[in-house]
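A.B. asks:
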Amino acid sequence: MMLATRVSLRHTEIMPRPFLPALLSLALLSCGGGSSGSGSSGGGPIGGGGTPTPTPPAANPVSIRIVGFNDLHGFIEPRGNIGFNTASGVQQAYAGGAAYLASAVAAIRAANGNTLVISAGDLFGASAPLSDRFLEEPTIGAMNRVGLDFAAVGNHEFDRGVRELERLASGGCTKYTSLIPCRVESNFGGANFQFLAANVRQGTGTLFPASALRTLGSGANAVQVGVIGLTLRSTPQATSGSTSGLTFTDEADAINRETRSLRSRGADAVVVAIHQGLTQNAGSPINGCGAIAGPLRTILDQLDTGVDLVLSGHTHQAYICDFGTVDASRQFLVTSTTSAGAMFTDTELTVDAANSRVTAANARNVVLQRQATDRAGNPIATNPAFPVFTADGGVASYIQTYIDAARSANIYADPYDIATGQDRAAEPVAGHAHPAPVSVGTEVLELGE
44 MMLATRVSLR
54 HTEIMPRPFL
64 PALLSLALLS
74 CGGGSSGSGS
84 SGGGPIGGGG
94 TPTPTPPAAN
104 PVSIRIVGFN
114 DLHGFIEPRG
124 NIGFNTASGV
134 QQAYAGGAAY
144 LASAVAAIRA
154 ANGNTLVISA
164 GDLFGASAPL
174 SDRFLEEPTI
184 GAMNRVGLDF
194 AAVGNHEFDR
204 GVRELERLAS
214 GGCTKYTSLI
224 PCRVESNFGG
234 ANFQFLAANV
244 RQGTGTLFPA
254 SALRTLGSGA
264 NAVQVGVIGL
274 TLRSTPQATS
284 GSTSGLTFTD
294 EADAINRETR
304 SLRSRGADAV
314 VVAIHQGLTQ
324 NAGSPINGCG
334 AIAGPLRTIL
344 DQLDTGVDLV
354 LSGHTHQAYI
364 CDFGTVDASR
374 QFLVTSTTSA
384 GAMFTDTELT
394 VDAANSRVTA
404 ANARNVVLQR
414 QATDRAGNPI
424 ATNPAFPVFT
434 ADGGVASYIQ
444 TYIDAARSAN
454 IYADPYDIAT
464 GQDRAAEPVA
474 GHAHPAPVSV
484 GTEVLELGE
């Protein structure tokens, strides 16, 4: 089984520096033994691990953080009690919710301003009722407030057609479906983040930009991070919406083309967000790597050696895999979370800015546990195996606006209080049942791919 820590990159061995445990106090109510670990003084991954090995330091090392997640499917409300595979067996936790993700992102950015937040596809589509009934507008608004930077398109982003996807990206209230847009936000402004679609061709270009180059830091500590986003080539066969006028091209070809372009434009590190994934052995821990297999493997085998990190999705399986263990010429981590917002991946990359190379990487999947309460308002014991996050009040209030609108329209009643996680014992209405708590191994069956 592969470890969660990359230690040999670009022919330079360097281990992450010790963590500052104080990082967690920025957003966590409590943190048990299962979430402690080690990392860099720049604020390494929450719950990361690794034993430091003395090696010559990189010239002008700069720490950057990548917060990744995939297959949110519009689950912006808190989830129920979910089972997670860990090295010590299945551990249960009340997890998920965009308000809690927002507080986690804020803590990471407070510890390290060189942070990007990236989705690897299926941000919406096959969505939770609240997002679905309001044409995914609440998911866009919630992610704006979380601070999402980039979102690769996935197959489900196309479920209502290309024009509706473009509306969600750019804003506006033009009606492209049977549902009425802008019922809550009359001036829906669209995404503040950038959708990426490197392998989705439209005319002579791509539907959305293929990649982006972002500067993190300043002066001698400035680094250029290239981000590539794309979906699986078989998207037309994996969506209920029309993709007329679009051509979905080979994934590896698109990644390699953009990697070379980004490197030629000065990228010091290249991150790929692809909506395609690996498959794991049954029971594989969320921070392990039970197998480097599945549909993504053939793509990874062809990637340019200039790639430094791959955020993946689609299979709804959590893993942290070191691809360098199967191909020494391709030294990068491949990560994925489960689905529906139950966790996120916290990755730290150490960049040698003077020589434009990544010298170390450390990643950890973090369960987005919250303090839940029972129907009488009494706290339910949290699981010490995972950190505990508080809700961001602004994001919670925003989502509550949609919940209130849904109730007024008799669309959907949510069973959990958005801020506290309290079970309201509310009954679903209009035929929209709230998903029952499920183990992470069955979510792929519940939500689709």
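Residue numbers (the working numbering): 44 to 492. From the three backbone atoms N, C-alpha and C, an ideal C-beta is built for every residue, glycine too. Please read these numbers as outputs of a predicted model, since none were measured by experiment.
Write down every uninterrupted run of the alpha helix (DSSP H) in the stretch 323 to 359 whose length is 4 residues or greater and which is fully enclosed by it, in chain order.
C.D. replies: The qualifying runs are 338 to 343.
A.B. asks: Nearest to ASP389 by alpha carbon, out of ARG407, SER106, ASN155 and LEU239?
C.D. replies: Checking every option, the nearest Cα to that of ASP389 belongs to ARG407.
A.B. asks: Which whole-angstrom value describes the C-beta separation of ILE329 and ASN128, a residue pair presumed to lie in contact below a C-beta threshold of 8 Å?
C.D. replies: Indeed they touch by this definition, with Cβ atoms about 6 Å apart.
A.B. asks: Under a CB-based cut-off of 7 Å, is ARG340 close to chain D?
C.D. replies: Checking the listed chains, one finds no chain D in this structure; it contains a single protein chain.
A.B. asks: Quick one, are the C-beta atoms of ASN113 and THR380 less than 7 Å apart?
C.D. replies: Yes, Cβ-Cβ distance for ASN113 and THR380 is below 7 Å.
A.B. asks: Ignoring anything shorter than 3 residues, give me the beta strand (DSSP E) runs that lie fully in the stretch 209 to 266, in order along the chain.
C.D. replies: Listed in chain order, they are 237 to 239, 243 to 245 and 254 to 259.
A.B. asks: Excluding sequence positions up to five away, which residues of its chain have a Cβ less than 7 Å from the Cβ of GLY204?
C.D. replies: So the list reads TYR219, GLY284 and SER285, once near-sequence residues are dropped.
A.B. asks: Return the residue from the list GLU391, ALA448 and PHE387 that minimises the CA-CA distance to LEU191.
C.D. replies: Selected option, being the one with the closest Cα: PHE387.
A.B. asks: Compute the beta-carbon to beta-carbon distance between THR302 and ARG276, rounded to the nearest angstrom, for a pair I have assumed lies under 8 Å.
C.D. replies: Contact flag wrong, Cβ pair sits at about 18 Å.
A.B. asks: Can at least three beta-carbon pairs, one atom from the stretch 312 to 325 and one from the stretch 334 to 344, be found at a separation below 8 Å?
C.D. replies: Output reads yes: the stretch 334 to 344 touches the stretch 312 to 325.
A.B. asks: Excluding the five sequence neighbours on either side, which residues of its own chain have a C-beta within less than 7 Å of the C-beta of THR217, listed in chain order?
C.D. replies: Cβ neighbours of THR217 beyond the five flanking positions: ARG210.
A.B. asks: Quick one: is ALA195 buried, meaning 16 or more other Cβ sit within 10 Å of its Cβ, or exposed?
C.D. replies: When all chains shown are included, ALA195 counts as buried.
A.B. asks: When you compare each of THR274, ILE454 and VAL410 to ASN124 by their alpha carbons, which one comes out closest?
C.D. replies: Minimum Cα distance to ASN124 is reached at VAL410.
A.B. asks: By Cβ distance below 6 Å, which residues in the same chain neighbour HIS357 in space, the five residues on each side in sequence not counted?
C.D. replies: HIS318, GLN319, GLY320 and GLU492, listed in sequence order.
A.B. asks: Would you mind giving the Cβ-Cβ distance between ASP351 and ALA312, rounded to the nearest angstrom? I have them listed as a contact below 8 Å.
C.D. replies: That pair is a contact at about 5 Å.
A.B. asks: Which residues in the same chain have their Cβ closer than 6 Å to the Cβ of LEU289, if we skip the five residues on either side of it in sequence?
C.D. replies: Within the same chain, LEU289 has close Cβ partners VAL243 and GLN245.
A.B. asks: Using the three-state DSSP reduction, which class does LEU144 fall into: helix, strand or coil?
C.D. replies: In this structure, LEU144 counts as helix in the three-state DSSP scheme.
A.B. asks: Can you tell which of ALA361, GLN345 and GLY309 has the C-alpha that lies nearest to the C-alpha of ASN324?
C.D. replies: The residue with the shortest Cα to Cα distance from ASN324 is ALA361.
A.B. asks: Within the continuous beta strand (DSSP E) that includes PRO430, where are the two ends?
C.D. replies: That run of the beta strand (DSSP E) goes 430 to 432.
A.B. asks: Determine the extent of the beta strand (DSSP E) in which ASP435 is found, giving its start and end residues.
C.D. replies: Here ASP435 belongs to no beta strand (DSSP E), and DSSP marks it neither H nor E.
A.B. asks: Do TYR137 and ARG413 come within 7 Å of each other at the CB atom, strictly closer than that value?
C.D. replies: Taking 7 Å as the Cβ cut-off, ARG413 and TYR137 qualify as a contacting pair.
A.B. asks: Would you kindly work out how many angstroms separate the C-alpha atoms of LEU495 and LEU392, rounded to a whole number?
C.D. replies: Limits of the chain in this structure are 44 at one end and 492 at the other, which puts residue 495 out of reach.
A.B. asks: Output needed for ASP175: all residues of its chain with C-beta closer than 7 Å, excluding positions within five of it in sequence on either side, in chain order.
C.D. replies: These residues qualify, in order along the chain: GLY117.
A.B. asks: Just how far apart, CA to CA, sit GLY82 and GLY139?
C.D. replies: Confidence at GLY82 is low in this model, with a pLDDT of 36, below 50, so the placement of that residue is unreliable and no value is reported for it.
A.B. asks: Flag this pair as yes or no: are the beta carbons of LEU250 and ALA240 separated by less than 7 Å?
C.D. replies: Yes; because the gap between Cβ atoms is below 7 Å, this pair is in contact.
A.B. asks: Just to confirm the assignment, what range does the beta strand (DSSP E) spanning THR393 have?
C.D. replies: Element bounds for THR393: 386 to 395.
A.B. asks: Provide the residue span of the alpha helix (DSSP H) that contains ILE298, from first to last.
C.D. replies: Looking at the DSSP string, the run of the alpha helix (DSSP H) that includes ILE298 is 294 to 307.
A.B. asks: According to the neighbour-count rule (16 or more other Cβ atoms, all chains shown, within 10 Å of its Cβ), is THR278 buried or exposed?
C.D. replies: Buried, since its Cβ has 16 or more Cβ neighbours within 10 Å.
A.B. asks: Would you list the residues sitting across from ALA153 in a DSSP beta bridge?
C.D. replies: None; ALA153 has no bridge partner.
A.B. asks: Considering PRO172, what are the terminal residues of the alpha helix (DSSP H) in which it resides?
C.D. replies: 172 to 176 is the span of the alpha helix (DSSP H), which, as asked, contains PRO172.
A.B. asks: Could you give the distance in angstroms between the alpha-carbon of ASP202 and the alpha-carbon of ALA169?
C.D. replies: About 8 Å.
A.B. asks: Which stretch, first to last residue, makes up the alpha helix (DSSP H) that contains ARG407?
C.D. replies: Careful: ARG407 lies outside any alpha helix (DSSP H), inside the beta strand (DSSP E) at 400 to 410.
A.B. asks: Run the proximity test for THR290: is its beta-carbon closer than 6 Å to any non-hydrogen atom belonging to the ligand FAD?
C.D. replies: Absence of the ligand FAD is noted for the structure shown, with no ligands found whatsoever.
A.B. asks: I'd like to check one pair, PHE193 with GLY260: are the Cβ atoms closer than 7 Å?
C.D. replies: No; because the gap between Cβ atoms is not below 7 Å, this pair is not in contact.
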